[in-house]
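Chains as they are written, first to last, in the working numbering: chain A, 1 to 168; chain B, 169 to 483.
C-beta: ideal position from N, C-alpha, C; glycine also.
Following: one structure in structure tokens, then a few remarks.
Structure (structure tokens):
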């Protein structure tokens, strides 16, 4: 299938976010695609609060079935989350389970004032009552396919579609 | 022979010894532990990974640090922890080890953390339990203490960044030390090129050089230019017969003093698994001095044990 240009979607997402974020907004990217995206958006939107990254491996709801992720990296939230406006950023919004895990982890750092969600692509098929306030594009992707953000050696974004691994 | 710690797919089912574990498994544990260090610095120092799981701390031998840090680790993973004080339990009434384990398994144990004075006790339990149950060896006799070995290499990696070119000296009662055995296996697996053991002939196991270490009886010679000094506790309780003239005599030859430490590299770190015998294997001014990382070792032990428990529970 034809995939949209990720760089274009990223510009679109930045344009939409510009109206919603302020100097003190905390941008938090979910590793790995969401963290790359957050890095780019943080730079383009000139947010002064340092950006955060979350590795949600310790909060996944499929731990019993899938075990611990092979490459866990530390989460880093370099600002006080209490009372803050936070935008969680991910590359692809799908079932909503990753976002659920990310919100649970954020609350272990404190009590945010407001959490919003930005995604480069919304592929629908939610399994939880979660919606994104900022979306680059909506895209229908066949079940069983894995859609992810990738980067080439010069840091240019592109979308990659692959076969999802069968559940362990 | 199949490694009894590993599943068919090579993932870790139990942690019984570091010997024979592939390098990737050790690195995975260390990397995961690094992520857990961050968790312990947050407002809520817990993650929900082991919610609903029951961890049984089965200590047939005295322990403060290890039992407490296992308990904290399990609680930070949201597991339910049951500590068994074996000295007042059924084993003193004659119940066998495996009967004790069977009874606890009937109480829906998901994980056993076992310390026992007999080498091989954790292996015995691991071979006996149901497939979904995991066993962690928290020290068996003179054999192994894998989580201590892991927290030791975590500490070394934290301060020295990597193992290539590193000289590590392990000093004292190697004969009775499961800590030394586990650390030697971990260091050689990770490629540390120069591991030295230092001690009197009576306290070094025969053939220890077959583990890939060099042997020194003169502490000054052994410490020269090393990056890491690991002091071992003199294990009086395990000594049968006279292996030493006296503790004072031992301190003179093998106690770590500022003068002897000066022979190591200027940025050398000093480690000790605890409990320390001040004035026997280590001088107080070294134990409390700027080179000492003995208390950070304890703190890192929590994250390392969280990593081991969560990796096992997920396999």
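In DSSP terms, what residue i is bridged to
i, result
"residue 53 of chain A", "A/29 and A/76"
"residue 450 of chain B", "B/424 and B/446"
"residue 169 of chain A", "An answer regarding residue 169 of chain A cannot be provided, because it is not within the stretch 1 to 168 covered by chain A."
"residue 226 of chain B", "B/252 and B/282"
"residue 322 of chain B", "DSSP lists no partner for residue 322 of chain B."
"residue 158 of chain A", "A/150"
"residue 460 of chain B", "B/438"
"residue 339 of chain B", "B/366 and B/399"
Below-8 Å beta-carbon distance, residue i vs any chain B residue
i, result
"residue 72 of chain A", "yes"
"residue 2 of chain A", "no"
"residue 167 of chain A", "Because the pLDDT of residue 167 of chain A is 48, which lies under 50, any placement of that residue in the model is unreliable, and the number read from its coordinates should be weighed accordingly. Judged by the 8 Å Cβ criterion, residue 167 of chain A is not in contact with chain B."
"residue 108 of chain A", "yes"
"residue 68 of chain A", "yes"
"residue 63 of chain A", "yes"
"residue 79 of chain A", "no"
"residue 19 of chain A", "no"
"residue 48 of chain A", "no"
"residue 58 of chain A", "yes"
Proximity test, Cβ basis, 8 Å: residue i and chain A
i, result
"residue 212 of chain B", "yes"
"residue 479 of chain B", "yes"
"residue 175 of chain B", "no"
"residue 222 of chain B", "no"
"residue 334 of chain B", "no"
"residue 356 of chain B", "no"
"residue 183 of chain B", "no"
"residue 470 of chain B", "no"
"residue 412 of chain B", "no"
"residue 198 of chain B", "no"
"residue 319 of chain B", "no"
"residue 359 of chain B", "no"
DSSP three-state assignment for residue i, whether helix, strand or coil
i, result
"residue 267 of chain B", "helix"
"residue 383 of chain B", "strand"
"residue 214 of chain B", "coil"
"residue 243 of chain B", "helix"
"residue 2 of chain A", "coil"
"residue 104 of chain A", "helix"
"residue 93 of chain A", "strand"
"residue 86 of chain A", "strand"
"residue 150 of chain A", "strand"
"residue 109 of chain A", "coil"
"residue 284 of chain B", "strand"
"residue 16 of chain A", "helix"
"residue 478 of chain B", "helix"
"residue 164 of chain A", "coil"
"residue 63 of chain A", "helix"
"residue 276 of chain B", "coil"
"residue 199 of chain B", "helix"
"residue 390 of chain B", "helix"
"residue 175 of chain B", "coil"
"residue 220 of chain B", "coil"
"residue 312 of chain B", "strand"
Straight-line gap, residue i to residue j (C-alpha atoms, nearest Å)
i, j, result
"residue 303 of chain B", "residue 335 of chain B", "33 Å"
"residue 454 of chain B", "residue 45 of chain A", "52 Å"
"residue 399 of chain B", "residue 383 of chain B", "15 Å"
"residue 18 of chain A", "residue 92 of chain A", "20 Å"
"residue 381 of chain B", "residue 362 of chain B", "7 Å"
"residue 8 of chain A", "residue 480 of chain B", "43 Å"
"residue 444 of chain B", "residue 20 of chain A", "58 Å"
"residue 118 of chain A", "residue 196 of chain B", "31 Å"
"residue 321 of chain B", "residue 424 of chain B", "21 Å"
"residue 418 of chain B", "residue 440 of chain B", "17 Å"
"residue 405 of chain B", "residue 246 of chain B", "36 Å"
"residue 228 of chain B", "residue 77 of chain A", "42 Å"
"residue 51 of chain A", "residue 5 of chain A", "25 Å"
"residue 164 of chain A", "residue 145 of chain A", "5 Å"
"residue 192 of chain B", "residue 318 of chain B", "13 Å"
"residue 167 of chain A", "residue 63 of chain A", "Low local confidence applies: a pLDDT of 48 at residue 167 of chain A is under 50, so the model's placement there is unreliable, with the coordinate-based value given in what follows. Going by the C-alpha atoms only, they are around 12 Å apart."
"residue 290 of chain B", "residue 43 of chain A", "53 Å"
"residue 446 of chain B", "residue 180 of chain B", "38 Å"
"residue 468 of chain B", "residue 325 of chain B", "11 Å"
"residue 344 of chain B", "residue 364 of chain B", "17 Å"
Integer Cβ distance of residue i from residue j, believed to fall under 8 Å
i, j, result
"residue 194 of chain B", "residue 358 of chain B", "6 Å"
"residue 74 of chain A", "residue 206 of chain B", "4 Å"
"residue 201 of chain B", "residue 415 of chain B", "Incorrect: roughly 35 Å between the Cβ atoms, too far for contact."
"residue 306 of chain B", "residue 282 of chain B", "6 Å"
"residue 438 of chain B", "residue 461 of chain B", "7 Å"
"residue 34 of chain A", "residue 81 of chain A", "Actually they are not in contact, since the Cβ atoms of residue 34 of chain A and residue 81 of chain A sit about 17 Å apart, beyond 8 Å."
"residue 477 of chain B", "residue 230 of chain B", "Going by Cβ atoms, the distance from residue 477 of chain B to residue 230 of chain B rounds to 22 Å, so no, they are not a contact pair."
"residue 135 of chain A", "residue 116 of chain A", "With 8 Å as the limit, residue 135 of chain A and residue 116 of chain A do not qualify as a contact, their Cβ atoms being about 11 Å apart."
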